[in-house]
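S.K.: So the sequences go chain by chain: A and B.
In terms of the numbering used here, the first sequence opens at residue 2 and continues consecutively.
In terms of the numbering used here, the second sequence opens at residue 2 and continues consecutively.
The beta-carbon is built from N, C-alpha and C at its ideal position, and this holds for glycine as well.
Protein chains: 2
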Amino acid sequence: MADTGVQGGEALLFLTDEQLRRGIEAMFFAYRGFTADPDKILEQMSYGRAHHRAMHFINRQPGLTVTTLLSVLGVTKQSLNRVLRTLIEDGLVESRVGRKDKRERHLFLTAKGADLERELSEAQRGRMRAAYRAAGPQAVAGFRQVLEAMMDPEMRRHFATMRDGA
Amino acid sequence: MADTGVQGGEALLFLTDEQLRRGIEAMFFAYRGFTADPDKILEQMSYGRAHHRAMHFINRQPGLTVTTLLSVLGVTKQSLNRVLRTLIEDGLVESRVGRKDKRERHLFLTAKGADLERELSEAQRGRMRAAYRAAGPQAVAGFRQVLEAMMDPEMRRHFATMRDGA
DNA sequence: TTGGAAAGTCAACAACGCTGACATAAAATC
DNA sequence: GATTTTATGTCAGCGTTGTTGACTTTCCAA
Numbered sequence: 002m003a004d005t006g007v008q009g010g011e012a013l014l015f016l017t018d019e020q021l022r023r024g025i026e027a028m029f030f031a032y033r034g035f036t037a038d039p040d041k042i043l044e045q046m047s048y049g050r051a052h053h054r055a056m057h058f059i060n061r062q063p064g065l066t067v068t069t070l071l072s073v074l075g076v077t078k079q080s081l082n083r084v085l086r087t088l089i090e091d092g093l094v095e096s097r098v099g100r101k102d103k104r105e106r107h108l109f110l111t112a113k114g115a116d117l118e119r120e121l122s123e124a125q126r127g128r129m130r131a132a133y134r135a136a137g138p139q140a141v142a143g144f145r146q147v148l149e150a151m152m153d154p155e156m157r158r159h160f161a162t163m164r165d166g167a
Numbered sequence: 002m003a004d005t006g007v008q009g010g011e012a013l014l015f016l017t018d019e020q021l022r023r024g025i026e027a028m029f030f031a032y033r034g035f036t037a038d039p040d041k042i043l044e045q046m047s048y049g050r051a052h053h054r055a056m057h058f059i060n061r062q063p064g065l066t067v068t069t070l071l072s073v074l075g076v077t078k079q080s081l082n083r084v085l086r087t088l089i090e091d092g093l094v095e096s097r098v099g100r101k102d103k104r105e106r107h108l109f110l111t112a113k114g115a116d117l118e119r120e121l122s123e124a125q126r127g128r129m130r131a132a133y134r135a136a137g138p139q140a141v142a143g144f145r146q147v148l149e150a151m152m153d154p155e156m157r158r159h160f161a162t163m164r165d166g167a
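1. At a Cβ cut of 8 Å, what residues of the segment 145 to 156 of chain A count as close to chain B, listed as they run along the chain?
2. Per DSSP, E95 (chain B) is paired with what?
3. Would you please state the rounded distance, in angstroms, between the beta carbons of H107 (chain B) and T66 (chain B)? I believe it to be under 8 Å.
4. Taking only beta carbons into account, state which residues of the segment 106 to 134 of chain A come closer than 8 Å to chain B, listed in chain order.
5. Give the DSSP bridge partners of L16 (chain A), in chain order.
6. Quick check on T66 (chain A): does DSSP put it in helix, strand or coil?
7. Assess, as a yes-or-no matter, whether the segment 89 to 99 of chain A is touched by the segment 130 to 148 of chain A under the definition of 3 or more beta carbon pairs within less than 8 Å.
8. What residue range is occupied by the uninterrupted alpha helix (DSSP H) comprising M151 (chain A)?
9. Output needed for M129 (chain B): all residues of its chain with C-beta closer than 7 Å, excluding positions within five of it in sequence on either side, in chain order.
10. Is it the case that the Cβ atoms of A196 (chain B) and M151 (chain A) are separated by a distance below 7 Å?
11. Can you list, in chain order, the residues of its chain whose CB lies under 7 Å from that of P39 (chain B), leaving out five sequence neighbours each side?
12. Quick check on the burial criterion: 16 or more other C-beta atoms within 10 angstroms. Buried or exposed for R164 (chain A)?
13. Quick one: residues in its chain with C-beta nearer than 8 Å to the C-beta of A3 (chain A), no 5 flanking neighbours on either side, listed in chain order?
14. Where G75 (chain B) and T68 (chain B) are concerned, what is the direct C-alpha to C-alpha distance, given to the nearest angstrom?
15. Could you tell me if T36 (chain B) is buried or exposed, where buried requires 16 or more neighbouring beta carbons within 10 angstroms of its beta carbon?
16. Provide the residue span of the alpha helix (DSSP H) that contains S80 (chain A), from first to last.
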């Protein structure tokens, strides 16, 4: 019998520490794979994972403000600013002053930025697609359910907002 | 209808970029939650996530060698050494010279080390348990399948070794 | 006996988190 | 209109954790 990491099975789960530890290890090992492909591309440039994350969410919600991005990424403005500055300097991201509220900066990917984002995303999606195909649709649904249950409430809110559109 | 992120559904999966990007975001947000609880404990001490990871795997395979741990964690020996040195100095980890091969160092948690490992692990397992319960056994099985499919082959090997026992 | 593997150490560096302090502009409020 | 709050940007400094490169010691095995 294959190790599903789950015993019991009806309504109640008997979750042993061993099963939970297996899940923890799965998350650890899988996350390494998850970031491996874009990391390989990034290391050749002077960019890191933080640049990728910023570009990902700017692509997802074009025109989002710095404050929103800050909250989504869960880092300090100083940390994000270092990343954003280089992306803007290099012409990958454009920062437009808000029309209604001129304090706000709305972020957009330039054509060049969108190109890099696509390249990084494609590398990452390739692995994700392969994993989804290998595991099958039912597994994918479960995967998403567990991940969502694992999030902090604030992150889950961001996750939902992302779905519903900016 | 709830957004399962999966359309199609029988044998073939129609995976849109949107669905794959949703999966990527789920991994990102979930991983933040995954590490949040132990991180909170660690930040009060002078330890970081790297110390936690090392202790986790030493606990799982008591007596594993430095080289093995290096390979499991996927970092350089210099990076691991810095972490291990502090753990040994602080009496959390014991390093024993190999009996057969005296070049090898076999790593063990001390009683004190096991205590901290348990505290960190319990924090992390608490969230994992809640997520598993919320999602249900079928979802958990799928979660594990997708994660395993996402790993690099070498990581998958380590993951399997962990299951079968050292 | 010699080659190479395992381990440890030193130096230097980079990415990316953090805090604290401070400046500016503009919106919001009193 | 004056004051407060918000959004943003910037500077300095620091900590963790990753990297490379170079070098040494120990010791198994061919």
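M.R.: If we stick to the structure as given:
1. R145, Q146, V147, L148, E149, A150, M151, M152, D153 and M156
2. Per DSSP, the beta-bridge partners of E95 (chain B) are B:F109.
3. At roughly 6 Å, the Cβ-Cβ gap stays under 8 Å, so H107 (chain B) and T66 (chain B) are in contact.
4. S122, Q125, R126, R128, M129, R130, A131, A132, Y133 and R134
5. For L16 (chain A), which the question treats as bridged, DSSP gives no partner whatsoever.
6. strand
7. no
8. P138 to M151
9. none
10. With chain B represented from 2 up to 167, any question about residue 196 (chain B) goes unanswered, as that position is not in the structure.
11. The residues are H53, L121, A124 and Q125.
12. exposed
13. Confidence at A3 (chain A) is low in this model, with a pLDDT of 45, below 50, so its placement is unreliable and the value that follows should be read with caution. Around A3 (chain A): no qualifying Cβ.
14. Straight across, the Cα-Cα distance linking G75 (chain B) with T68 (chain B) is about 10 Å.
15. buried
16. For S80 (chain A), the enclosing alpha helix (DSSP H) starts and ends at K78 to E90.
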